[in-house]
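So for the sequence shown, our numbering puts the first residue at 2; every next one is plus one.
Heads up, the thing below is written out as structure tokens.
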Amino acid sequence: MATLVNNYIFKALDAYPYELEEAVEALNYALAYDEKNCTALLLLGRIHAEVLKEYEKAKSIYAEALVHNMNAFEVYPHYIKVLIWNEDYEEAGKLIEFALTIKGADKAAIYVAKAQLFEQEKKYKEALKSLKQAKIHTYNNDYMYDVEREEERIRGKMPKKKRKKETKNNHKKKKS
């Protein structure tokens, strides 16, 4: 039966995100055979979050996946994203801290999510610190490039500091 479930999951993964009807149908079959399958629940949660923008539904699906397997490390980055999108910042922060303790979790992706949480809260310096940690835990060049782009975007949002020299010159002009 596990092979049958996996076949449906493979069909769903192959169809997502371009053939959503086919992906959902395959997921429904997979979950009919194994309602606790974390991979099927993860993809179903992604469809609800990323495509349908049904964040509350996605949250409940991700939570269900983690009830069945708390060590399903692939669920955490997606669950954290949906919490941030839904503006559940406190809950996202707690989940991030917990996810960082899960053996095998993609720490780089979790630190990027942590940076995005700080960015939403306009804590740009903390976001940059999290991205520094993400770089430490990144083990491929493609993802490093993504982290650097995140860093660049966040730096662009930081308030610009006035230079002391410019400020002094402005004071001299006003006195004249």
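Every residue gets a Cβ at the ideal spot worked out from N, C-alpha and C, and that includes glycine.
Taking all protein chains in view, the Cβ of asparagine 142 is surrounded by fewer than 16 other Cβ atoms within 10 Å, so the residue is classified as exposed.
Counting C-beta pairs with one atom in each stretch, the stretch 54-61 and the stretch 16-32 have fewer than three that are closer than 8 angstroms, which means they do not touch.
Boundaries of the alpha helix (DSSP H) around isoleucine 155: 142-158. Taking the Cβ atoms as the reference, alanine 135 lies roughly 5 angstroms from valine 113, within the contact range of under 8 angstroms. Judged by DSSP secondary structure, histidine 69 falls within the alpha helix (DSSP H) whose first and last residues are 56-69.
Glutamate 151 is positioned such that its CB atom lies closer than 8 angstroms to that of alanine 116.
Per DSSP, proline 18 lies in no alpha helix (DSSP H) segment and is marked neither H nor E. Residue nearest to alanine 24 within the set Ile48, Gln121 and Glu122 is Ile48 (criterion: CA-CA distance).
Excluding residues up to 5 positions away in sequence, Ile10, Ala13, Leu14, Tyr17, Ala24 and Leu28 lie with their Cβ nearer than 8 angstroms to the Cβ of leucine 44 in the same chain.
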